Amino acid sequence: MISLRRAMNRSLIEAAWNRDVNELLKRIENNPFMIHALAWEGSETPLHVACFAGHVNFVSTIINLRQDFSRELNQDGKDRKIPLRLVVVKGKVEVVRELLLASLDSVDCMTARFETSLQLAVKNNQFEAFQVLIQHLKQVNKEDLLNSKDIHDNTALHLFVSMKQYEEKIELNSLNYRGLTPLDMLLMFQSEAGDREIMEILVQAGALNNQHSRRGEESSERFTYWDWFTCCVLYMLVSAVVIGLVPCSQLDPDTLSPLLLLVME
């Protein structure tokens with residue numbers, strides 16, 4: 013019996029790896045109970061495999077067949093990750109969205125080291141996945157996860173500060189759809205005491221307001237990947253403050269202070 017179950021699991025895992033939705037549906041049609049007998053100790057589910065490979069359609073199909081797959085651990089995998097954490101680490105943004113829709117509370121799950129999906133996104137330089145997670149936090153009113161600490165008492169921002177890198181070079185002061193830079197947004201909406209420290213961080217990193225841009229004084233400097241990622245995260249923090257997701261008064265000063273010192277180096 014165990015051998016039969018393992019064979020069934022293996023066949024679906026192969027279908028997941030090959031993005032073969034038709035094979036999945038065919039096997040489930042022949043054996044409707046097959047999908048409910050796949051969570052074995054010491055094995056990965058087809059959903060884990062599809063997530064790892066970034067196969068969005070397969071992920072969507074299998075979640076519709078068995079939604080609780082989205083919260084099951086890969087017992088053999090490092091840190092026993094649920095599917096969401098796997099795709100965050102790999103930067104599979106569309107699959108991240110699919111999994112968050114399937115299980116709104118999956119963002120609460122932590123690794124054995126008490127790392128949230130936000131922290132995993134930062135550690136693996138997955139900015140787009142981080143952005144999707146931030147948007148999800150607002151929708152489900154779980155903004156407190158921004159201040160969640162891992163086993164070493166590091167928040168997502170602490171981890172971000174520690175990951176000093178100098179690889180790619182990308183322009184600073186990019187504009188959003190309203191033509192605003194991160195500094196513009198802060199100058200327009202600042203209202204909390206912590207705003208001044210955020211503004212200093214942006215200015216020290218070389219941020220300009222849009223008035224300079226309109227006068228043809230937009231900076232032509234090129235910045236490291238570290239500078240770009242700094243401004244991206246700060247941009248999201250400022251945005252979160254503007255839309256009311258995270259009041260500046262709730263930002264941990266012990267998180268902002270080392271970030272300010274690092275940017276000013």
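Taking the working numbering, the leading residue of the sequence shown gets 13, the next gets one more, and so forth.
C-beta: ideal position from N, C-alpha, C; glycine also.
Keep in mind the model is a prediction, meaning the values are calculated, not measured.
Could you tell me the boundaries of the alpha helix (DSSP H) in which residue i lies?
{"i": "E106", "result": "105 to 114"}
{"i": "A141", "result": "139 to 152"}
{"i": "I74", "result": "68 to 77"}
{"i": "I40", "result": "33 to 42"}
{"i": "D102", "result": "The displayed chain sequence assigns Lys, not Asp, to residue 102. Per DSSP, K102 belongs to the alpha helix (DSSP H) from 95 to 102."}
{"i": "A65", "result": "58 to 65"}
{"i": "A133", "result": "129 to 135"}
Count the other CB atoms, across all protein chains shown, that sit within 10 Å of the CB of residue i; report buried if there are 16 or more and exposed otherwise.
{"i": "L113", "result": "exposed"}
{"i": "V152", "result": "exposed"}
{"i": "L273", "result": "With a pLDDT of only 39 at L273, under 50, the local geometry of the prediction cannot be trusted, and the value read off the model is given with reservation. By the neighbour-count rule (16 or more Cβ atoms within 10 Å), L273 is not buried but exposed."}
{"i": "K104", "result": "buried"}
{"i": "E26", "result": "exposed"}
{"i": "R22", "result": "exposed"}
{"i": "I163", "result": "exposed"}
{"i": "D196", "result": "buried"}
{"i": "R97", "result": "buried"}
{"i": "N42", "result": "exposed"}
{"i": "S166", "result": "A quick correction: the sequence has Asn, not Ser, at residue 166. The residue in question, N166, is buried, as its Cβ has 16 or more Cβ neighbours within 10 Å."}
To the nearest whole angstrom, what separates the beta carbons of residue i and residue j, a pair I think is in contact under 8 Å?
{"i": "V12", "j": "V107", "result": "No answer is possible for residue 12: it lies beyond the span of the chain, which begins at 13 and ends at 277."}
{"i": "L59", "j": "I74", "result": "5 Å"}
{"i": "L285", "j": "L37", "result": "Here the chain comprises residues numbered 13 to 277, so residue 285 is not present and cannot be evaluated."}
{"i": "F70", "j": "R31", "result": "5 Å"}
{"i": "V1", "j": "L132", "result": "The chain is shown only over 13 to 277; residue 1 falls outside these bounds and no answer can be derived."}
{"i": "T128", "j": "S160", "result": "5 Å"}
{"i": "L77", "j": "P95", "result": "Actually they are not in contact, since the Cβ atoms of L77 and P95 sit about 14 Å apart, beyond 8 Å."}
Among the options, whose alpha-carbon lies nearest the alpha-carbon of residue i?
{"i": "L130", "options": "N34, L59, L171, R39", "result": "L171"}
{"i": "S72", "options": "R97, V33, N42", "result": "V33"}
{"i": "V144", "options": "F126, K161, A124, V119", "result": "V119"}
{"i": "L157", "options": "I146, H164, I163", "result": "I146"}
{"i": "L116", "options": "N43, K154, L98", "result": "K154"}
{"i": "N137", "options": "A168, L111, T123, L149", "result": "A168"}
{"i": "W29", "options": "F139, L192, A65", "result": "A65"}
For residue i, verify whether its CB is less than 7 Å away from any heavy atom of the ligand MN.
{"i": "H148", "result": "Judged by which ligands are present, the structure shown has none, so any question about the ligand MN falls away."}
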